[in-house]
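This report refers to the structure that appears directly beneath it.
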Amino acid sequence: MAELLKLQQGVILRSQAYDCGVTPEQLRWLLNSNRWRRIHAGVYASFTGPLPFESQVWAAVLRAGRGAVASHRTAAYLDGVCDDPGDVIHVTVPADRHVGSRIDGVRVHYSRHVHRTRHPTRLPPRTRLEETVLDLVDSAPAASEVEAWVTRANQRRLTTPGRIAAALRLRKRIRWRAMLEGMLTDVAAGAHSPLELRHLRRVERAHGLPRGTRQRRVGERRASWIDVDYDEYRLRIELDGRIGHIEEGQFRDRRRDNRATVDGRTVLRYGHADIFGDPCGVAAEQACVLASRGWTGRIRPCGPGCTVAAA
């Protein structure tokens with residue numbers, strides 16, 4: 001029983017305790033003396049005090065029963081895809097059975113393919129990382145969330161676009177499929193954040209601008225990465241989220257921009273408000289700089305109401 005409790009982060013099923021030799025009378029004594037405590041029906045913690053997150057996950061998985069695994073945001077948190085586990089524990093159980101009563105603090109999902117999507121070794125039991133991302137995409141209420149989950153998993157180097165695409169091919173039905181397939185191609189081309197994807201699609205492609213090189217490494221001893229580099233026209237685009245504007249990031253960006261200026265390059269820097277709020281204005285600004293540096297192409301409106309002509 002000690003080995004089982006260690007494996008399951010101090011959490012145990014009533015049936016497991018009986019299998020280890022605990023009698024019903026002993027179990028009642030452990031609970032009445034506050035040595036153990038009840039978490040869910042038939043699930044107990046063998047310690048007092050705060051319940052660590054992994055112990056909460058074990059309790060939910062054990063309560064959900066045969067074949068249950070942590071999934072969705074819970075699995076994403078366990079694997080480092082996100083930094084906030086959310087307000088409820090998500091578990092997925094085989095679709096051929098039903099979890100009878102409601103489990104406090106737990107949301108139960110059902111899947112016909114949980115035997116395939118379950119990770120073979122990680123504990124607490126959970127879905128494979130690529131399947132976790134696809135589950136989150138399938139339940140995402142908005143396109144921006146789809147972008148965020150996929151790019152975050154790739155940006156943290158937890159998976160690759162190819163592995164997500166391979167998992168996607170095994171799913172017959174999934175929400176946002178068309179967007180996701182195109183997005184995985186973009187991420188594989190070097191766009192690593194929703195901001196970069198938005199620039200690629202809504203600024204560069206939509207307005208007929210030349211294709212830039214993404215995530216280009218520059219420098220030898222102190223290497224840095226350029227978000228979008230139009231090397232032929234000596235123009236660099238830096239796309240900065242919140243992190244890029246604070247503390248060390250602020251000085252790193254300034255040094256990089258200064259080096260670019262010394263080398264005769266122009267650096268245009270944009271944030272979320274620019275790329276999401278005024279992609280047409282950003283495209284017009286970039287086109288002006290590109291034209292001044294030898295680009296002979298012609299910017300085109302992205303659709304009705306596009307402001308590039310006026311700009």
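Counted the way UniProt numbering counts, the sequence shown spans residues 1 to 311. Note that the Cβ used here is the ideal one computed from N, Cα and C, for glycine as well. Model, not experiment: these values are computed from the prediction.
Which listed residue (the options) has its alpha carbon closest to that of residue i
i, options, result
"Val308", "Ile164, Cys288, Asp227 and Arg66", "Cys288"
"Arg38", "Ile103, Leu4 and Ala68", "Ile103"
"Thr92", "Gly86, Asp79, Glu131 and Pro194", "Glu131"
"Lys172", "Gly277, Gly86 and His113", "His113"
"Gly42", "Gly49, Arg14, Ala283 and Ala273", "Arg14"
"Gly294", "Tyr77, Arg66, Leu209 and Ser139", "Leu209"
"Val267", "Gly281, Leu290 and Val146", "Leu290"
"Asp87", "Gly105, Arg28 and Arg157", "Gly105"
"Arg192", "Arg300, Ala148 and Leu180", "It should be noted that the sequence gives His, not Arg, for residue 192. When each option's Cα is compared against that of His192, the closest is Ala148."
"Tyr230", "Gln155, Arg214 and Asp240", "Arg214"
"Gly303", "Asp135, Tyr270 and Arg205", "Arg205"
"Ser55", "Leu78, Ala143 and Arg73", "Leu78"
"Ala140", "Gln155, Ile174, Leu129 and Leu123", "Ile174"
"Asp240", "Ile275, Asn154, Pro85 and Gly212", "Ile275"
"Trp58", "Leu123, Arg217, Gly212 and Arg116", "Leu123"
"Pro161", "Ala143, Ala142, Asp96 and Leu134", "Leu134"
"Leu51", "Arg28, Asn32 and Gln9", "Gln9"
"Thr159", "Leu129, Ala143 and Ala178", "Leu129"
"Ser144", "Arg116, Tyr110 and His272", "His272"
Neighbourhood of residue i by C-beta, 8 Å cutoff - its chain only, sequence neighbours within 5 removed
i, result
"Arg265", "Arg234, Leu235 and Arg236"
"Arg152", "Val81 and Cys82"
"Leu197", "Glu147, Thr151, Met183, Asp186, Val187 and Ala191"
"Val11", "Leu5, Ile39, Val43, Tyr44, Ala45, Ser46, Ser55, Trp58, Ala59 and Leu62"
"Gln155", "His192 and Ser193"
Exposure of residue i, with buried meaning 16 or more beta-carbon neighbours within 10 Å
i, result
"Ser71", "buried"
"Tyr18", "exposed"
"Leu7", "exposed"
"Pro24", "exposed"
"Gly305", "exposed"
"Cys20", "exposed"
"Phe251", "For Phe251, the predicted model reports a pLDDT of 43, less than 50, meaning its position is unreliable; a value from the coordinates is still stated below. Answer is exposed; the Cβ neighbour count stays below 16."
"Tyr270", "buried"
"Gly49", "exposed"
"Asn32", "exposed"
"Gln26", "exposed"
"Gly212", "buried"
"Glu232", "exposed"
"Glu3", "exposed"
"Glu181", "exposed"
Residues near residue i in its chain [Cβ-Cβ closer than 6 Å; skip 5 each side]
i, result
"Arg118", "Val69"
"Ala75", "Arg126, Thr127 and Thr132"
"Pro94", "Gly67 and Val114"
"His245", "Bear in mind that a pLDDT of 40 at His245, under 50, signals an unreliable position, so the number given afterwards is only what the model happens to contain. Hits under 6 Å: none found."
"Thr121", "none"
"Trp176", "Val137 and Val146"
"Pro279", "Arg202 and Val203"
"residue 344", "Only positions 1 to 311 of the chain appear in this structure, which leaves residue 344 out of reach."
Spatial neighbours of residue i in its chain, beta-carbon cut-off 7 Å, leaving aside the 5 residues before and after
i, result
"Trp36", "Leu30, Tyr44, Ala45 and Ser46"
"Glu247", "Because Glu247 carries a pLDDT of 43, less than 50, the predicted location of this residue cannot be relied on, and no value is offered for it."
"Gly297", "Gly208 and Pro210"
"Val108", "Ala64, Val91, Val93 and Val99"
"Pro85", "Phe53, Arg73, Thr74 and Tyr77"
"Gly163", "Reading off the sequence, residue 163 comes out as Arg, not Gly. So the qualifying residues of the chain are Glu130."
Counting pairs of beta carbons, one from the stretch 157-168 and one from the stretch 200-219, are three or more of them closer than 8 Å? no
Which ranges would you report for the alpha helix (DSSP H) in the UniProt domain "AbiEi antitoxin N-terminal" (2-45) if only whole runs of at least 4 residues count? 2-7, 14-19 and 24-32
Pick out the complete alpha helix (DSSP H) segments inside the stretch 171-219, 4 residues or longer, and give them in chain order. 177-188 and 194-198
Entirely within the stretch 37-122 and at least 3 residues each: give me those beta strand (DSSP E) ranges in chain order. 37-40, 43-45, 89-94 and 106-111
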